[in-house]
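Engineer:
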Amino acid sequence: MKAPRFSLAAFVLPVVLASSITMFGCGGSSASEPAAMTGSGLSRAPVAPAAHGPVRLFGAALGDVPLSPVQRTDIEKLAADAETRQVAIRSARQDLALAIASQVDAGAVDRAALAPKVDAVVAAVAAAQPADRAAFERLHAILGPDQRTAFVNAVDVRIHERVDQVRERHPLRQWAKDLGLTDDQRTQLQAIVKSRVAAAKGDGEMGHGVRGDGHGAKVMEAFKQDRFVIDELDPARDRGPQIHERIDRMLGMIEAALPVLTASQRTIAAQKIRARAEQGEDAVP
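Under my numbering, the sequence shown is numbered contiguously, ending at residue 285.
(1) Could you tell me whether the segment 141-153 touches the segment 223-234, using the rule of 3 or more Cβ pairs below 8 angstroms?
(2) Could you tell me which residues DSSP puts in a beta bridge with L67?
(3) Taking its Cβ as the centre, do 16 or more other Cβ atoms sit within 10 Å of R274, making it buried, or is it exposed?
(4) Taking the CB atoms as reference points, tell me whether P66 and L42 lie closer together than 8 angstroms.
(5) Looking only at its chain, what residues have a beta carbon closer than 7 angstroms to the beta carbon of A61, apart from the 5 residues adjacent to it on each side?
(6) Assign A92 to one of two classes, buried (16 or more other C-beta atoms within 10 Å of its C-beta) or exposed (fewer than that).
(7) Express the C-alpha separation of K218 and D231 in angstroms, rounding to a whole number.
(8) Can you give me the C-alpha to C-alpha distance between H160 and L57, rounded to a whole angstrom?
(9) Can you give the Cα-Cα distance for D234 and M220, rounded to whole angstroms?
(10) Start and end of the alpha helix (DSSP H) containing L258?
(11) Who are the Cβ neighbours of K272 in its own chain at under 8 angstroms, not counting the five residues just before and after it?
(12) Under the assumption that Q188 contacts V104 (Cβ atoms under 8 angstroms), give the Cβ distance between them as a whole number of angstroms.
(13) Between Q165 and V70, what straight-line distance do the alpha-carbon atoms span, to the nearest angstrom?
(14) Under 8 angstroms by Cβ, that's how I've got V118 and I247 pegged, so tell me the actual separation to the nearest angstrom.
(15) Going by DSSP in three states, F228 sits in which element: helix, strand or coil?
(16) Would you check if the segment 108-117 and the segment 125-140 touch, i.e. whether three or more CB-CB distances between them fall below 8 angstroms?
(17) With burial defined as no fewer than 16 other Cβ atoms inside 10 Å of the residue's Cβ, what is the status of A141: buried or exposed?
(18) Among the residues of its own chain, which have a CB less than 6 angstroms from the CB of L251, if the five just before and after it don't count?
(19) Please report how far the alpha carbon of G280 lies from the alpha carbon of Q94, in whole angstroms.
(20) Taking the alpha helix (DSSP H) that A176 belongs to, which residues open and close that run?
(21) Which ranges does the beta strand (DSSP E) cover as unbroken runs of at least 3 residues, wholly within the segment 87-169, from first to last along the chain?
(22) Work out the CA separation of I75 and G144 for me, nearest whole Å.
(23) Here's a check: name, in chain order, each residue in its chain whose Cβ is nearer than 7 angstroms to the Cβ of A256, leaving out the five neighbours to either side.
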């Protein structure tokens, strides 16, 4: 089984574990030894199926892992705490997306006006990161060796499924259809996207804050081992510059695209951005 590939495409969920944005939270429950893998009392079922983002992804992956009742209780608490922390991040991202939608509708990007909302996203991520990192170590301690391997493999499968689903939906193609783009507009916008993506790859940034240096795969592979200390694998760092860079790239792409669109197309695009924000998704696919 190959290590999970976290730089598969720009639309992959931001699940680089060592630089957690949202992840299983620090549960505060009493320590527990991994359950003996005898098959007695173990059950398979998704954890936190109503959660969002990475918490939901990891919870679904844990559905492939046989867990004892004690393990399940501890992990459910981790997931609940993570979901609580994620509320602040989702709220900050939604506020930013709604502000971007208003600017798209108006036909101009005002970075100064967006700066406080970008800072709010950075602050929310920074507030969650220490507990997220500590809690992923806690998850490692709860699981036994075979369970850890099963979990890592299940995460890999679900990331690939997510990629396949997005490819099948062709979100950018749907946007082109909904906006009623002409052939000339499609050509212009494709050139803009192509140049921006090439620039991001050249800087080692694969989109959605995912680093192309293999750190996510390294952390996940290490998760299978008996010793797992995230700081040894990828020390904590300030993710502010990375988030600012990612958002700036997105705004640059929007700014370049706005003159290509008509006023009515900008209104439709703004409506779609608002709808995605309300659903907890990124502003653009």
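Just so it is clear, CB atoms sit at the ideal spot from N, CA and C, and this is done for glycine as well.
Structural biologist: Quick answer:
(1) yes
(2) S43
(3) Result: buried.
(4) yes
(5) Excluding sequence neighbours, A61 sits near F151, A154, V155 and R158.
(6) buried
(7) 12 angstroms
(8) When only Cα atoms are considered, H160 and L57 end up about 12 angstroms apart.
(9) If I take the Cα positions, the gap works out to 11 angstroms.
(10) Unbroken run through L258: none, as it is neither H nor E.
(11) W175 and D178
(12) In fact, because the Cβ distance is near 17 angstroms, the residues do not count as touching under 8 angstroms.
(13) Near 34 angstroms, if we compare the C-alpha coordinates of V70 and Q165.
(14) 5 angstroms
(15) coil
(16) no
(17) exposed
(18) V109
(19) 7 angstroms
(20) From DSSP, the alpha helix (DSSP H) with A176 extends over P171 to L179.
(21) none
(22) 13 angstroms
(23) The beta carbon of A256 sits closer than 7 angstroms to the beta carbons of I192 from its chain, once the five residues preceding and following it are set aside; these are given in chain order.
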